[in-house]
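Residue numbers (this note's numbering): 1 to 488. The beta-carbon is built from N, C-alpha and C at its ideal position, and this holds for glycine as well.
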Ligand code: 5AD
Ligand code: SF4
């Protein structure tokens, strides 16, 4: 569908402001690609765009405020007809899905609202607005049993996000996601393999499998090819899909075995739940000789949320901290170099100083490379929102600062261990923060990531063309958040 331009010969343009998780980032990439096919070019600022979309996040109150205040800031573009264009404005993501019609009441200048399941209908919604329809809305969940999609890229690149499942059936007591993203549905292994093969033929070298809970991948899809392993186990007990259904370790193994994917170098995945982190998945981290998956990146992001069993129970996480520690120990034994990261929530209702200290002790015990920590924020409609939110904002923030500081020291110490080591990185881009002192004016600071997901900044006399290359770098220095290297 080619979208109309109000003035002849004028290119239609789109700007998307993205908040929240990698899922939203991937959704925005899909929107750019779909709208690109419909003739809309991306712009760098909202002021230049004919169509402006906010892809909002609802996971914490702060995230919603950001999306809603971004919407407020756009009102003047509607009022003052900036650059002689009155843009069409839309709100998507979990904010669109959750707030629905309410958004039109709050911001009458908003033209359309949509949820994550309606992204493929975006060109049609914009077409309807262009043809005079007011307050267009599509927040329906897709009602199909199966989940089928094709990854879209808006520009040539070496890395891609690939959605493999959507929704979440875990219903952790604090979390809004099951209400905004619906129930779990997975793509089939064969469809994902063909999709990734097409991406590899376009030059993709690294994929990140995305889903709210990728390690419960496969539920509901019959294991028609009888791939191994058929039954998943772990020390916690209940694990993901049934015996006769597809599962995540099968997908990873199939990736390694598919001839079409020879040029794919790395596979990452996010996000996961300890309950579905099966022994079979841990074994994928073994060396290829021991049956491991050779393309699997040496990195795991496994959210734990709290170090206290009492709080984990109240969060509805259904596992004990001892089981999580044992999973991490087994993983580290198989792959000592593995980079680990997690999510932490502080200030959950009734969290005592002792509970909080157990979280700090967990950080000491696991020695993560990186953590993402958040102050608990009650979300209307969740079970935890019915509990008394008894930790003051001030105390939540105090704990948040403490946990971040605690981890910073661990990260700082861990990063120094890489000094003098030679590591392979996939170059991302020219570094945004030029933290390195340039040795002469002709050098450029680049950034890339190791398999363990460490950011490495390095100097090069090349100012273009390194994007997407695998390079060896020798680590010469470190900061708490990144490594500094030199090309070898
Ligand atoms: N309050 C604070 N943090 C939350 N998260 C999810 N819901 C909430 C909430 N209500 C955090 C969890 C999750 C991450 C994506 O966001 O740590 O893993
Ligand atoms: Fe939210 Fe829990 Fe599902 Fe993660 S696993 S998306 S925290 S409900």
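Three-state secondary structure assigned by DSSP to residue i
i: residue 7; result: The predicted model places residue 7 with a pLDDT of 48, which falls under 50 and marks its position as unreliable; any figure quoted below should be read in that light. In this structure, residue 7 counts as coil in the three-state DSSP scheme.
i: residue 406; result: helix
i: residue 20; result: coil
i: residue 347; result: coil
i: residue 483; result: strand
i: residue 394; result: helix
i: residue 428; result: strand
i: residue 15; result: strand
i: residue 304; result: coil
i: residue 475; result: strand
i: residue 255; result: helix
i: residue 108; result: coil
i: residue 181; result: helix
i: residue 232; result: coil
i: residue 65; result: helix
i: residue 133; result: coil
i: residue 577; result: Past the boundaries of the shown model lies residue 577; the chain is included only from 1 to 488, so the question cannot be answered.
i: residue 381; result: coil
i: residue 416; result: helix
i: residue 309; result: helix
i: residue 281; result: helix
Environment of residue i [buried if 16+ CB atoms lie within 10 Å]
i: residue 301; result: buried
i: residue 117; result: buried
i: residue 76; result: exposed
i: residue 336; result: exposed
i: residue 380; result: exposed
i: residue 26; result: buried
i: residue 7; result: Because residue 7 carries a pLDDT of 48, less than 50, the predicted location of this residue cannot be relied on, and the following value inherits that uncertainty. Its Cβ having fewer than 16 others within 10 Å, residue 7 is exposed.
i: residue 270; result: buried
i: residue 260; result: exposed
i: residue 18; result: buried
i: residue 147; result: buried
i: residue 319; result: buried
i: residue 333; result: exposed
i: residue 32; result: buried
i: residue 65; result: exposed
i: residue 182; result: buried
i: residue 352; result: exposed
i: residue 150; result: exposed
i: residue 190; result: exposed
i: residue 461; result: exposed
Check whether residue i and residue j have beta carbons under 8 Å apart
i: residue 188; j: residue 246; result: yes
i: residue 14; j: residue 35; result: yes
i: residue 185; j: residue 273; result: no
i: residue 481; j: residue 411; result: yes
i: residue 174; j: residue 324; result: no
i: residue 20; j: residue 63; result: yes
i: residue 354; j: residue 306; result: no
i: residue 72; j: residue 24; result: no
i: residue 172; j: residue 212; result: no
i: residue 321; j: residue 331; result: no
i: residue 423; j: residue 444; result: no
i: residue 221; j: residue 278; result: no
i: residue 30; j: residue 166; result: no
i: residue 483; j: residue 415; result: yes
i: residue 140; j: residue 215; result: no
Check: residue i C-beta below 7 Å from any heavy atom of the ligand 5AD
i: residue 305; result: yes
i: residue 214; result: no
i: residue 171; result: no
i: residue 277; result: no
i: residue 355; result: no
i: residue 19; result: no
i: residue 60; result: yes
i: residue 377; result: yes
i: residue 343; result: yes
i: residue 269; result: no
Supposed close pair residue i, residue j - CB separation, criterion 8 Å
i: residue 476; j: residue 485; result: 6 Å
i: residue 251; j: residue 137; result: No, residue 251 and residue 137 are not in contact; Cβ-Cβ is about 35 Å, not under 8 Å.
i: residue 349; j: residue 388; result: 6 Å
i: residue 452; j: residue 338; result: 7 Å
i: residue 340; j: residue 406; result: In fact, because the Cβ distance is near 15 Å, the residues do not count as touching under 8 Å.
Contact test: residue i Cβ vs the ligand SF4 heavy atom, cutoff 7 Å
i: residue 178; result: yes
i: residue 175; result: yes
i: residue 273; result: yes
i: residue 57; result: no
i: residue 168; result: yes
Residue i at chain D interface by Cβ criterion, 8 Å
i: residue 191; result: In summary, chain D is missing from the structure at hand, where a single protein chain is found.
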